[in-house]
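Heads up: the protein sequence lines correspond to chains F and L, in order.
Per this note's numbering, the very first residue in the first sequence carries number 387; after that it's consecutive.
Per this note's numbering, the very first residue in the second sequence carries number 504; after that it's consecutive.
Cβ atoms here follow ideal geometry from the backbone N, Cα and C, with glycine treated the same way.
Model, not experiment: these values are computed from the prediction.
First comes the structure, then the notes that go with it.
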Amino acid sequence: MGFLEFDFSALFTLTNLLCILLGTFIGILIGAIPGLGPIIAIVLLLPLTFSMSPLSAVLMLLAAFQGAEYGGSISSIVLGIPGTTANIATVFDGHALARNSSPGKALAYSLTASTIGGFIGGLVLLFLSVPVSALALNFSSPEFFLIGVFSLIAVSGISSADKTKSIISGILGLMASTVGMDMFSGQQRFTFGQSALLDGISIIALTVGMFALTEIFSMISEGAGKRQEGNTVNLSTKINWKEIKRILKPSFTGSGLGAFFGVLPGIASGTASFVAYSTAQKMSKKPETFGKGNPEGIAGPESANNSFVGSSMVPLLTLGIPGSPVIAVIMGAFIIHGIQPGPKLFEIESQLVYGILIGFLFTTVAMYFMGRLLTPMFARILVIPNYILIPIILVLSFVGVYVEKALLFDVWFAIIVGIVFFILKVLDFSLPSFILAFVLGPIMEENLRRALLVSDGSYLIFLTRPYSLAILMLIVITAVFIFFRNKKKEGAA
Amino acid sequence: MSANRATYVTLVIFAALAVFFFINARAFPEADTEGAIGSGYFPQLLSILLIIFCAISFFQTLKKEDEKITIPHFKRIAITLGITFLYLLSWNFLGNFYLSTLVYIVVLIIYYKKSLRHLWLYLLIAAAFALFIYALFERLLFIRF
Numbered sequence: 387m388g389f390l391e392f393d394f395s396a397l398f399t400l401t402n403l404l405c406i407l408l409g410t411f412i413g414i415l416i417g418a419i420p421g422l423g424p425i426i427a428i429v430l431l432l433p434l435t436f437s438m439s440p441l442s443a444v445l446m447l448l449a450a451f452q453g454a455e456y457g458g459s460i461s462s463i464v465l466g467i468p469g470t471t472a473n474i475a476t477v478f479d480g481h482a483l484a485r486n487s488s489p490g491k492a493l494a495y496s497l498t499a500s501t502i503g504g505f506i507g508g509l510v511l512l513f514l515s516v517p518v519s520a521l522a523l524n525f526s527s528p529e530f531f532l533i534g535v536f537s538l539i540a541v542s543g544i545s546s547a548d549k550t551k552s553i554i555s556g557i558l559g560l561m562a563s564t565v566g567m568d569m570f571s572g573q574q575r576f577t578f579g580q581s582a583l584l585d586g587i588s589i590i591a592l593t594v595g596m597f598a599l600t601e602i603f604s605m606i607s608e609g610a611g612k613r614q615e616g617n618t619v620n621l622s623t624k625i626n627w628k629e630i631k632r633i634l635k636p637s638f639t640g641s642g643l644g645a646f647f648g649v650l651p652g653i654a655s656g657t658a659s660f661v662a663y664s665t666a667q668k669m670s671k672k673p674e675t676f677g678k679g680n681p682e683g684i685a686g687p688e689s690a691n692n693s694f695v696g697s698s699m700v701p702l703l704t705l706g707i708p709g710s711p712v713i714a715v716i717m718g719a720f721i722i723h724g725i726q727p728g729p730k731l732f733e734i735e736s737q738l739v740y741g742i743l744i745g746f747l748f749t750t751v752a753m754y755f756m757g758r759l760l761t762p763m764f765a766r767i768l769v770i771p772n773y774i775l776i777p778i779i780l781v782l783s784f785v786g787v788y789v790e791k792a793l794l795f796d797v798w799f800a801i802i803v804g805i806v807f808f809i810l811k812v813l814d815f816s817l818p819s820f821i822l823a824f825v826l827g828p829i830m831e832e833n834l835r836r837a838l839l840v841s842d843g844s845y846l847i848f849l850t851r852p853y854s855l856a857i858l859m860l861i862v863i864t865a866v867f868i869f870f871r872n873k874k875k876e877g878a879a
Numbered sequence: 504m505s506a507n508r509a510t511y512v513t514l515v516i517f518a519a520l521a522v523f524f525f526i527n528a529r530a531f532p533e534a535d536t537e538g539a540i541g542s543g544y545f546p547q548l549l550s551i552l553l554i555i556f557c558a559i560s561f562f563q564t565l566k567k568e569d570e571k572i573t574i575p576h577f578k579r580i581a582i583t584l585g586i587t588f589l590y591l592l593s594w595n596f597l598g599n600f601y602l603s604t605l606v607y608i609v610v611l612i613i614y615y616k617k618s619l620r621h622l623w624l625y626l627l628i629a630a631a632f633a634l635f636i637y638a639l640f641e642r643l644l645f646i647r648f
């Protein structure tokens with residue numbers, strides 16, 4: 387099935403539109419709160435997806451991802467505190483413009499650039515997915531196993547300052563993925579007689595513990611009685627054509643960079659934003675005004691982090707491999723609905739895939755209009771004190787974990803995970819490596835076993851197939867690059 | 504606490520976990536089909552890799568300059584966890600989820616704020632939130648707590 391055969395009536399249902407609006411609202415809201423990023427928004431929304439159709443569920447989560455990337459700029463601009471790591475670069479000019487001129491104008495630049503970025507990311511997703519999935523149809527078990535290894539190495543290489551600890555985190559994630567019933571033999575593995583573990587470790591309990599609870603512990607550690615102070619007057623996001631024209635160039639450049647980085651596994655949207663910021667500065671006619679409230683310094687990073695959202699879905703939909711922790715959690719929504727992303731999805735669930743590809747563009751439209759209408763409200767929510775936010779997020783997290791199976795076991799498990807990962811985070815172990823490995827584990831094990839079954843147990847199968855050999859070479863090049871970059875950094879330190 | 508010492512302890516725990524995984528995985532039955540690998544192969548492979556990388560990290564830490572780890576407001580985190588345990592126990596054994604939730608939220612706010620001023624406002628916030636959960640999960644999604 388192609389775009390022309392897609393039944394648009396399946397996309398334009400009231401439920402889908404409401405899900406996009408809800409996802410956008412929650413995404414902007416959570417993204418706007420300093421410290422809480424898109425992953426928390428998605429983790430908190432995940433339990434709501436059980437009763438939804440897969441299309442509504444995925445569109446809601448993507449809308450939340452998209453919304454959170456824009457929402458993060460609200461606190462960067464209004465408070466001078468980045469909402470998410472992807473919005474750090476926005477602080478430099480966004481907060482300066484808010485102080486010197488008006489926060490509303492800075493927010494308008496951010497919203498416009500985010501919308502341009504969202505559309506470009508959506509178009510990349512729309513037009514790149516089909517050819518990549520066609521190529522991926524040539525792949526077999528050895529290639530899928532090696533793509534999994536490549537993703538883990540790429541993520542381990544950048545997600546923590548200590549690469550060895552990052553690799554250890556990845557191995558632990560893979561080990562955690564083996565808990566439950568073996569997909570080949572039905573053998574129970576590491577379940578300790580607990581029926582709650584038969585289906586494996588709950589991804590919701592795990593992600594709530596790893597991301598929501600550790601973040602809450604950090605908020606308590608930084609000061610639970612804290613109330614943010616910010617300029618919440620003059621928040622209108624009106625913008626005229628002359629002002630839009632001024633940011634078109636950095637927005638398109640930033641969008642291109644964000645889309646490029648989004649397709650690569652292991653690169654965070656924060657990296658894309660920083661590169662887009664420095665590129666915007668280099669391309670600007672007034673580079674000396676960067677850091678003093680230049681709108682181009684807002685447009686570059688904001689367009690990059692939003693175009694990153696759409697393009698980061700390409701590896702998931704076409705190869706079944708999530709390239710980042712946020713996408714790994716979105717993959718959880720597919721798994722909950724019994725759908726395995728990958729190239730065959732275009733044949734088996736074409737209505738769903740094209741619904742996602744086209745529906746994604748509407749998440750950008752929703753973000754723009756919600757941003758225009760509700761940004762002043764979101765900016766005021768920022769001043770809600772932590773002592774009210776913390777208990778509410780805690781209860782939401784527990785409820786979210788409980789509703790999956792109505793088991794308090796999962797809630798206790800999430801708390802233990804939260805405590806363990808809070809300590810591991812302090813010790814510089816990598817949470818992104820762990821969660822990515824956890825999601826990739828079953829795919830990697832299944833494909834490794836299938837490959838060895840075909841080759842009668844010979845590992846030569848990974849060397850004799852041209853595609854797998856090419857991926858293997860890519861793995862070696864990436865590992866060598868990471869090793870030498872690390873050595874260079876150590877030398878510089 | 505010393506960062507290096509905490510890392511050593513963590514690595515030893517991980518290595519012990521790897522040994523436990525390896526021993527358990529060895530007991531899993533082998534595959535029936537020729538050339539196929541059994542359900543214990545992948546966990547055993549991972550256990551060996553974990554031990555190797557724990558050893559590498561151990562030696563890297565030996566060469567590292569030590570620094571002190573501090574977790575500000577650690578006591579506050581511990582007390583939050585204590586209150587949370589009591590909340591979950593009351594949810595589990597007393598069964599009244601909404602009342603337990605209301606009390607939990609108010610107690611945490613008072614503890615963080617260290618003041619009883621505006622108690623009625625906190626009660627109102629907690630009640631409104633409990634009502635929101637009831638409407639969304641129990642009425643709309645038919646999930647009972």
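Can you check which of these residues, 552(L), 612(L) and 635(L), is closest to residue 517(L) by C-alpha distance?
Minimum Cα distance to residue 517(L) is reached at 552(L).
Name the one or two DSSP bridge partners that residue 683(F) has.
In DSSP, residue 683(F) forms no bridge with anything.
Taking C-alpha atoms, which residue in 435(F), 552(F), 504(F) and 453(F) lies nearest to residue 643(L)?
Closest by alpha carbon: 435(F).
Reduced DSSP category for residue 830(F) - H, G, I as helix; E, B as strand; rest coil:
Looking at residue 830(F) - three-state DSSP - the assignment turns out to be helix.
Please name the residues in the segment 557-568 of chain L whose beta-carbon is closer than 7 Å to at least one beta-carbon of chain F, in chain order.
Residues of the segment 557-568 of chain L whose Cβ lies closer than 7 Å to any Cβ of chain F, in chain order: 557, 559, 560 and 563.
At a Cβ threshold of 8 Å, is residue 881(F) touching chain L?
With chain F represented from 387 up to 879, any question about residue 881(F) goes unanswered, as that position is not in the structure.
Looking at the strands, I want to know which residues DSSP matches up with residue 567(F).
Note: residue 567(F) is bridge-paired with 574(F) in the DSSP secondary-structure output.
Since residue 890(F) is in the alpha helix (DSSP H), which residue starts that stretch and which ends it?
Within the shown structure, residues of chain F are numbered from 387 to 879, placing residue 890(F) beyond reach of any answer.
Whole-number beta carbon distance between residue 499(F) and residue 765(F), since they are thought to touch under 8 Å
Incorrect: roughly 17 Å between the Cβ atoms, too far for contact.
Coil, strand or helix - residue 571(L) by DSSP:
In the three-state scheme derived from DSSP, where H, G and I count as helix and E and B as strand, residue 571(L) is classed as strand.
So, for residue 776(F): in the same chain, excluding its five sequence neighbours on each side, which residues have a beta-carbon less than 8 Å away from its beta-carbon?
Same-chain partners within the cutoff: 602, 605, 606 and 610.
Report yes or no: is there a C-beta of chain A within less than 8 Å of the C-beta of residue 638(L)?
No chain A appears in this structure, whose protein chains are F and L.
Please identify the residue among 847(F), 868(F) and 392(F) whose C-alpha is closest to the C-alpha of residue 525(F).
Nearest to residue 525(F) by alpha-carbon distance, out of 847(F), 868(F) and 392(F), is 847(F).
Alpha helix (DSSP H) segment containing residue 601(F), residue limits
It spans 600-609 - the alpha helix (DSSP H) in which residue 601(F) sits, taken as one unbroken run.
Cβ of residue 857(F) within 8 Å of Cβ of residue 533(F)?
Yes, the Cβ-Cβ distance between residue 857(F) and residue 533(F) is below 8 Å.
Neighbour-count burial assignment, residue 588(F), 16 or more Cβ in a 10 Å radius
Residue 588(F) sits buried, since 16 or more C-beta atoms from the chains shown fall within 10 Å of its C-beta.
What runs of the alpha helix (DSSP H), each 4 residues or longer, lie entirely inside the segment 473-516 of chain F?
Complete alpha helix (DSSP H) runs here, min 4: 474-486.
Can you list the residues of chain F that residue 607(L) reaches, using a CB-CB cut of under 9 Å?
Within chain F, the residues placing a beta-carbon under 9 Å from that of residue 607(L) are 777, 780 and 781, ordered along the chain.
Where does residue 622(F) sit, in a helix, a strand or coil, going by DSSP?
In the three-state DSSP reduction, residue 622(F) falls in the coil class, being neither helix nor strand.
Please report the distance separating the alpha-carbon of residue 691(F) from that of residue 592(L).
Taken atom to atom, the span from the alpha-carbon of residue 691(F) to that of residue 592(L) is near 42 Å.
Contact defined as beta carbons within less than 8 Å: I believe residue 645(F) pairs with residue 571(F). What is the distance between those atoms, to the nearest angstrom?
By a beta-carbon distance limit of 8 Å, residue 645(F) does not contact residue 571(F). Their separation comes to about 43 Å.
Closer than 7 Å at the beta carbon, the chain F residues around residue 628(L)
Those within 7 Å of residue 628(L) in chain F are 774.
C-alpha distance - residue 536(F) paired with residue 558(L), whole-angstrom precision:
Each residue's Cα considered, the two are about 23 Å apart.
Helix or strand or just coil, what does DSSP make of residue 505(L)?
Correct three-state label for residue 505(L): strand.
Run through DSSP, which three-state label would residue 648(L) get?
Collapsing the DSSP output to three states places residue 648(L) in coil.
Neighbour-count burial assignment, residue 593(F), 16 or more Cβ in a 10 Å radius:
It is buried - the Cβ of residue 593(F) has at least 16 other Cβ atoms within 10 Å.
Could you tell me how far apart the beta carbons of residue 728(F) and residue 705(F) are, in whole angstroms, since I believe they sit closer than 8 Å?
About 6 Å; that satisfies the 8 Å criterion.
Of the listed residues 773(F), 515(F), 622(F) and 792(F), nearest to residue 490(F) (C-alpha basis)
Nearest option by C-alpha distance: 622(F).
With a threshold of 8 Å between beta-carbons, can residue 851(F) be considered close to chain L, or not?
Chain L, which has no Cβ nearer than 8 Å to the Cβ of residue 851(F), makes this no.
Quick test of your reading: residue 470(F) and residue 424(F), contact by CB under 8 Å. State the CB separation rounded to the nearest angstrom.
With a Cβ gap of about 7 Å, residue 470(F) and residue 424(F) count as contacting.
Contact between the segment 494-510 of chain F and the segment 711-724 of chain F: three or more CB pairs below 8 Å?
In this structure the segment 494-510 of chain F does not touch the segment 711-724 of chain F; the number of beta carbon pairs closer than 8 Å is below three.
Within 8 Å (strictly less), CB to CB, does residue 551(F) reach chain L?
Cβ-Cβ to chain L under 8 Å: yes for residue 551(F).
N-terminal and C-terminal residue of the alpha helix (DSSP H) that residue 668(F) is part of:
From DSSP, the alpha helix (DSSP H) with residue 668(F) extends over 655-669.
Would you identify the three-state DSSP class for residue 546(L), choosing helix, strand or coil?
In this structure, residue 546(L) counts as helix in the three-state DSSP scheme.
What residues of chain L sit near residue 585(F), judged by a beta carbon separation below 7 Å?
Neighbours of residue 585(F) in chain L, taken as residues at a C-beta separation under 7 Å, are lacking, since the least C-beta distance is about 16 Å.
Give me the Cβ distance between residue 510(L) and residue 573(L), rounded to the nearest whole Å; I'm assuming they're in contact under 8 Å.
Between residue 510(L) and residue 573(L) a beta carbon distance of about 15 Å is seen, past the 8 Å cut, so the two are scored as non-contacting.
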